[in-house]
Amino acid sequence: MNKLACALATAFALLAGPAGAQNEPGQQQKYTVLDKDGKRLPDYVIPDDTEIAKAPNAEQIRLGQRLLNDTARLLPNNVGAAMNCNSCHVQQGKKPMGAPYINTFNSFPQYNPRANREVTLQERINGCFQRSMNGKPLDKESAEMEAMIAYMKWLAQDVPHGAQVQIKNTWPLDTKLVPDAERGRGLYALQCASCHGANGEGRRNASGEIAFPPLWGDESFNIGAGLARTYKAAAFIRNNMPMGVSTHGDWGEGQGVLTDQDAVDIAEFFTHMPRPDFPGKVNDWPQGKKPKDARY
């Protein structure tokens with residue numbers, strides 16, 4: 059079986075099982091929903107953006123959607139990097155394997171091992187602003203914060219709090235894989251540089267807006283971000299990158315192009331390139347148990 063056929067077979071297997079999508083040809087893709095006790099609830103369908111107009115708070119949801127898509131331009135006082143929220147949350151947080159928002163609203167508050175305490179959704183979003191965006195937190199009661207949460211709540215549709223849509227996210231990679239940064243450098247040049255730049259500087263479109271985010275340097279995420287960790291970054295790129303190389307998926311995503319070892323090597327290379335510091339790192343993992351791929 060050739061590589062593309064293997065990738066297609068793998069994607070189908072991931073989505074066809076009882077914990078994935080249940081769909082027939084010509085129908086909308088449906089996902090199983092389970093409550094906290096494992097009881098099956100009505101299936102979930104990823105909503106089309108046109109459905110926002112039917113919501114009583116449609117204007118607020120639309121604002122949240124814009125803020126997540128165009129964060130750096132719309133919130134310049136809070137974003138220090140050339141990054142948008144949806145630089146990492148692919149397809150407006152709707153893509154399986156692409157850090158989807160689909161379960162986000164219904165999963166908080168939740169325990170955060172880095173903080174060693176339960177955190178709210180507002181705190182989690184502000185963590186991204188301070189780390190992934192290398193910026194400043196939003197007022198937790200601001201219209202902008204409430205709008206972003208409104209979009210995430212709308213995306214959850216009628217799934218009750220505590221229940222989970224059985225949609226695939228990035229899976230953990232084997233942390234026993236030994237990374238090879240020099241091999242990763244070559245793979246980065248071959249598979250990543252056309253979008254993210256030979257020097258990790260990213261790409262902007264003709265209007266100067268962010269098309270592909272920088273992966274290192276002063277405009278990238280800081281050392282405290284999750285994607286600054288080798289194995290966490292590898293899990294994401296293994297399932298989503300490179301884009302535009304396949305005939306399946308909305309983005310022609312590259313699932314199946316990179317092996318686990320490829321992804322780990324690429325991640326080791328770019329996560330250890332120069333990037334901004336994060337002073338708040340001194341408060342992380344206060345009880346120890348820091349992951350071995352943490353940059354500090």
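Quick note, in our numbering, the sequence shown goes up one by one and the last residue is 354. We put the CB at the ideal spot given by N, CA and C, even for glycine. Since this is a predicted model, take the numbers as computed values, not measurements.
Beta-bridge partners assigned by DSSP to Glu176: Tyr169. The bridge partners DSSP lists for Ile268 are Arg262. Arg353 is positioned such that its CB atom lies no closer than 7 Å to that of Ala321.
Collapsing the DSSP output to three states places Lys112 in a helix. Ala130 is the residue among Arg243, Ala130, Trp229 and Gln215 whose C-alpha sits nearest the C-alpha of Lys194. When secondary structure is reduced to three states using DSSP, Lys88 falls in the strand class. Leu133 sits in coil when the DSSP states are folded into three classes, being neither helix nor strand. A Cβ-Cβ separation of about 18 Å leaves Glu176 out of contact with Gln188 under the 8 Å criterion.
Within the stretch 208-285, the complete alpha helix (DSSP H) segments at least 4 residues long are 239-249 and 251-254, listed from N- to C-terminus. When secondary structure is reduced to three states using DSSP, Val103 falls in the strand class.
Gln249 has its alpha-carbon roughly 19 Å from the corresponding atom of Ala286. Contact between the stretch 131-146 and the stretch 256-276 is present: three or more C-beta pairs spanning the two stretches fall below 8 Å.
Counting along the chain, no alpha helix (DSSP H) covers Tyr159, and no H or E run does either. Met155 is positioned such that its CB atom lies closer than 7 Å to that of Lys226.
Between Ala293 and Thr228, the C-beta spacing is below 7 Å. Three or more beta-carbon pairs separated by less than 8 Å are not found between the stretch 272-282 and the stretch 147-167, which leaves the two stretches without contact.
Beta-bridge annotation (DSSP): Arg98 is paired with Leu92. Gln149: member of the alpha helix (DSSP H) spanning Val148 to Gly151, first to last residue. With 16 or more other CB atoms across the displayed protein chains lying within 10 angstroms of its CB, Val217 is buried. The stretch 238-246 makes no contact with the stretch 89-109; the number of CB pairs closer than 8 Å stays below 3.
Less than 7 Å divides the Cβ of Gly282 from the Cβ of Phe336. For Asn297, the secondary structure class from DSSP, reduced to helix, strand or coil, is helix.
Here DSSP, grouped into helix, strand and coil, assigns Met141 to coil.
Its chain contains Asn174 as the residues whose beta carbon lies nearer than 6 Å to that of Gln345, once the 5 sequence neighbours on both sides are disregarded; these appear in chain order. The Cβ atoms of Gln319 and Leu235 sit closer than 7 Å to each other.
For Gln345, no alpha helix (DSSP H) encloses it, and the DSSP letter there is neither H nor E.
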